[in-house]
Structures are given as structure tokens and as C-alpha cells.
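Contents: one structure, followed by commentary.
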Amino acid sequence: MPLEIPYASISNRVAELNRRYRYSDAFEVLRHSLTDPNFGPVALVSSFGAESVVLLHMVSEIDKNTPIIFIDTRMLFPQTLAYQNELATTFGLSDVRQIRTDLEELFRRDTENLMHRSNSDACCALRKTEPLQNALSEFDTWISGRKRYQGGSRSVLDYFESENDQRIKVNPLANWSPEDVASYIDQHNLPRHPLVAKGFKSIGCFPCTTPVGINEDDRAGRWRGEEKSECGIHFDASGGYRRSKTESTNVIVNDDGFCAEDWNYAFHEFEHIDALSAEQKEAVAIDLPNDTDGAILLSKLHEIDLIRIGFPSIADGRGFSLARQLRTLGYHGRLRAKGHVISDQYEMARRSGFDEVEIDANLAKRQPEAHWLSRKDWQNGDYQRRLLQSL
Ligand code: SF4
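Put into C-alpha cells, the structure is as follows:
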């Protein structure tokens, strides 16, 4: 059933829901999300990790047929797989969907199963984000178990969030403390993940998860030693990781490597081009959402020096199609991809017609220049070029 909402956008509806439910408890928020038809099809996304049992138990109390999406990265601890079976049986959950990356695709992109060592962002994209985005395509709303006390970007969580104005994300446990979690588990005598007793407070894939010390943050054992603290399934609308600790200067990536911003003029919304003064028209740059039909710019393309297309998430490839369309329409100016584009996608970006990619400083740290430069011979992978060379 499509999401029918009497609001201008999902963001507006989310703001209203947060206002209406600000004094409600977790169970009430969850019950409302699972039973109100205005939310459309709803799924719970669960890692069957250290604290997942709370939401799984609550969901089973409301509707045992709720779809539960479980991402099996093929890198999970065997204890997690066993725990998933145990909880599904104990709670009578009838629709647990174990999703995985297609084996052929996995082999093509991570032949040795070692990508997590060299590029954990790309590994999470391949094994988690992409299969999840596919699985979520049939849902209008999804439920996550994130909580504010987990810190970083999660410290400002609301009950309801808009995911790129396309889907509602519900965080029923947003306000819970570690004591609330422990007390709920005790009160209902729920089974714990076997690794909790061994010091694991947040449990993901085995190569990227370690136990944590007494004074450490619960998630300190995830990607230990890396800047990374989220796998990428919780992106914000700007395409950045919510974990960003500080405002940072963006980095421009092109075939020469990392460069500082060299565009010294304003970026305008594309709807405002006609209103620009003669002086402003001397150097015109516009920001373009990735769902724009490039054809509407046809008569204006010659006036624009730089077009910057937004990439709200790794899995959203519409920006590549838009770039191709603009080049096909005859745009010869500078074309930039901005947002969540990772080094593995640089070849695709260049082939689609982009000249450069704009990334934030945190991503630049996690994916240093060498990662991107290893893709700069993108033309060698271009089938049309190979075809021409073979003639
Ligand atoms: Fe790969 Fe580690 Fe991410 Fe799992 S958590 S998908 S192994 S990088």
C-alpha cells in the first residue's frame, strides 16, 4: 500500500509525529507505527545483536507477522546466526528475512573477502547498505533500534526521522538508557546474545568487532582504530555520515587527487537562474537534486559553468543517470558529484560524465587519496574505449 500522507512532504509528517508522540513511551510509538495504515508497509531492521532482543520482543507482542529484515553479511559471528534462530523460534516471529549480497557480485568486488581491511566503507556498502536498500524498496517505513545514549550522531535522535524524504524511520528506543534496556531484558527474562557475557556490547561482523573495556563507549569495539563508527545504513539526507564530529572543509577529488575547493562564487538553486543579476551570471554554479529531469535545463545549459549534483546515499545512483543525461543534452561545463560517493564509485562517476567529486573531510580521512587515484585510469575499464582499441 503506498504511503498516503496529507502533508507536503515526509519531513513535515515526521515533524508532526515527533510533536504528537514526544511524551509517549517506546511501546506506544512502536504500536502506532505497526498498526496505523498511514505508515504503509513497515519492516523492523534487526542485527540480532547485543540489545536487539528488546525490540524483537516488543514487535512479537504487537504483531508476530511483522517483516524482520536481518542483514547477513556472511561475516557474522556464528553465535549471531544461532541467536537469530533462537529468538525467531522463541518469539514466534513468522517473517524473518535474511538478506545477503548476491554471491557473484560479492566475488566480483571482494574476491578474497578482504575488502574490510583496505576499504571498510566499500565493504559495508557491498555487504550491508546495498542489500538493505534493495530489501527496503518494498517498505514505506522501517524501524531501527538506535538509542541516544549510544552517542555521536545518535545523541540527537528523535522517535521519527525522514529518510531523504522518501521513507519514515522509527526509533522507538531513542530515549532509552542502558539501564532501561537491562531492566526490560531482566523483567521479561529474555535470552541474551552469547557474546555479551564476553564483553561485546555492540556486535557486528567478526573482523570489525572487538569486546569493550569497562569505561569504554558501547560502540568503541566497532571498527576499532578507524574513524568510522557507522556502517552506512543510517545516512542523513545530505549524504554524510551522521557521526561527523566537527564541521569540516570539503575535499574535491579529480584525476590529480585531492584538491581544495577552487570555486570562489556562490552555488544557486537551479530554479533561480533567471533571477540572477548580470554580475552573478559571470560565473554560474547550481546545485541540482539527483531526481531532476535534466531536460528542463536544456535552454539554460550554455549559461552554467558548474553543476553540482547531490548524492544522498551510496545506494542511490540517480545522480549518475542525471550526469549522463546532461552530457547527452550537450552540457560542456564542469560537472561535480557531491555527497556520498565512495572511491569505488569514482570510475562510474567519471564514466557518467562527472569531472570531479566533492566529499567531506571525514570521508577523505577514511578513504585517502590513494584509494581514489587507483581508480583514475577509469577509461581503461570503459567498454566503448576498449572496443575502439580493438578495432
Ligand atoms: Fe565489511 Fe566490517 Fe562492514 Fe562487515 S562491518 S560489512 S566485515 S567492513
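Under the numbering used here, think of the first position of the sequence shown as 2, with each following residue one higher. Every residue, glycine too, gets a C-beta built ideally from N, C-alpha and C. Keep in mind it's a predicted model, so treat the numbers as computed, not measured.
Beta-carbon gap between residue i and residue j smaller than 8 Å
{"i": "residue 179", "j": "residue 160", "result": "no"}
{"i": "residue 344", "j": "residue 319", "result": "no"}
{"i": "residue 306", "j": "residue 279", "result": "no"}
{"i": "residue 200", "j": "residue 208", "result": "no"}
{"i": "residue 71", "j": "residue 98", "result": "yes"}
{"i": "residue 48", "j": "residue 205", "result": "yes"}
{"i": "residue 314", "j": "residue 341", "result": "yes"}
{"i": "residue 219", "j": "residue 151", "result": "yes"}
{"i": "residue 338", "j": "residue 310", "result": "yes"}
{"i": "residue 316", "j": "residue 134", "result": "yes"}
{"i": "residue 137", "j": "residue 92", "result": "no"}
{"i": "residue 62", "j": "residue 192", "result": "no"}
{"i": "residue 332", "j": "residue 364", "result": "no"}
{"i": "residue 227", "j": "residue 121", "result": "yes"}
For residue j and residue i, the rounded distance between their alpha carbons
{"i": "residue 355", "j": "residue 84", "result": "45 Å"}
{"i": "residue 139", "j": "residue 42", "result": "7 Å"}
{"i": "residue 55", "j": "residue 147", "result": "12 Å"}
{"i": "residue 184", "j": "residue 100", "result": "31 Å"}
{"i": "residue 1", "j": "residue 59", "result": "Absent from the model: residue 1. The displayed extent of the chain is 2 to 392, so no value can be given."}
{"i": "residue 129", "j": "residue 194", "result": "21 Å"}
{"i": "residue 51", "j": "residue 113", "result": "29 Å"}
{"i": "residue 245", "j": "residue 229", "result": "Residue placement at residue 245 is flagged as unreliable, the pLDDT there being 33, under the threshold of 50; the coordinate-derived value follows with that caveat. When rounded, the distance between both Cα atoms is 10 Å."}
{"i": "residue 373", "j": "residue 257", "result": "10 Å"}
{"i": "residue 19", "j": "residue 80", "result": "36 Å"}
{"i": "residue 17", "j": "residue 176", "result": "18 Å"}
{"i": "residue 368", "j": "residue 348", "result": "15 Å"}
{"i": "residue 38", "j": "residue 66", "result": "15 Å"}
{"i": "residue 190", "j": "residue 289", "result": "52 Å"}
{"i": "residue 366", "j": "residue 269", "result": "29 Å"}
{"i": "residue 294", "j": "residue 64", "result": "41 Å"}
{"i": "residue 94", "j": "residue 217", "result": "34 Å"}
{"i": "residue 291", "j": "residue 312", "result": "7 Å"}
{"i": "residue 78", "j": "residue 104", "result": "19 Å"}
{"i": "residue 26", "j": "residue 125", "result": "32 Å"}
{"i": "residue 362", "j": "residue 261", "result": "11 Å"}
Residues near residue i in its chain [Cβ-Cβ closer than 7 Å; skip 5 each side]
{"i": "residue 299", "result": "330"}
{"i": "residue 142", "result": "34, 40, 41, 43, 168, 169, 171"}
{"i": "residue 334", "result": "305, 306, 307, 308"}
{"i": "residue 255", "result": "356, 357"}
{"i": "residue 68", "result": "44, 96, 98"}
{"i": "residue 264", "result": "286, 307"}
{"i": "residue 370", "result": "258, 259"}
{"i": "residue 398", "result": "No statement about residue 398 is possible, as the shown extent of the chain runs from 2 to 392 and does not include it."}
Contacts around residue i, its chain only, beta-carbon distance under 6 Å, and the 5 residues preceding and following it disregarded
{"i": "residue 248", "result": "Residue placement at residue 248 is flagged as unreliable, the pLDDT there being 35, under the threshold of 50; a coordinate-derived value is accordingly withheld."}
{"i": "residue 163", "result": "11, 12, 15"}
{"i": "residue 225", "result": "211"}
{"i": "residue 359", "result": "251, 253, 337, 339"}
{"i": "residue 196", "result": "80, 204"}
Interface flag, residue i vs chain C, CB-CB below 8 Å
{"i": "residue 176", "result": "No chain C appears in this structure, which consists of one protein chain only."}
Cutoff 8 Å; reference residue i; Cβ partners in own chain excluding five residues on either side
{"i": "residue 127", "result": "102, 106, 107, 110, 111, 116"}
{"i": "residue 397", "result": "Here the chain covers residues 2 to 392 and nothing more, so residue 397 does not appear."}
{"i": "residue 22", "result": "29, 30, 33, 160, 161"}
{"i": "residue 324", "result": "310, 336, 338, 350, 353, 354, 355"}
Segments assigned alpha helix (DSSP H), at least 4 residues, entirely inside the segment 70-123: If only complete runs of 4 or more residues are kept, the segment 70-123 shows the alpha helix (DSSP H) at 79-92, 104-110, 116-119, in order along the chain.
Contact shell at 6 Å, judged by CB to any heavy atom of the ligand SF4, ordered along the chain: Matched residues: 74, 76, 117, 121, 124, 125, 128, 129, 205, 206, 208, 209, 232.
Every unbroken beta strand (DSSP E) inside the segment 285-318 [3 residues or more]: 286-289, 307-312
Continuous beta strand (DSSP E) assignments of at least 3 residues falling wholly in the segment 160-184: 161-164, 168-171
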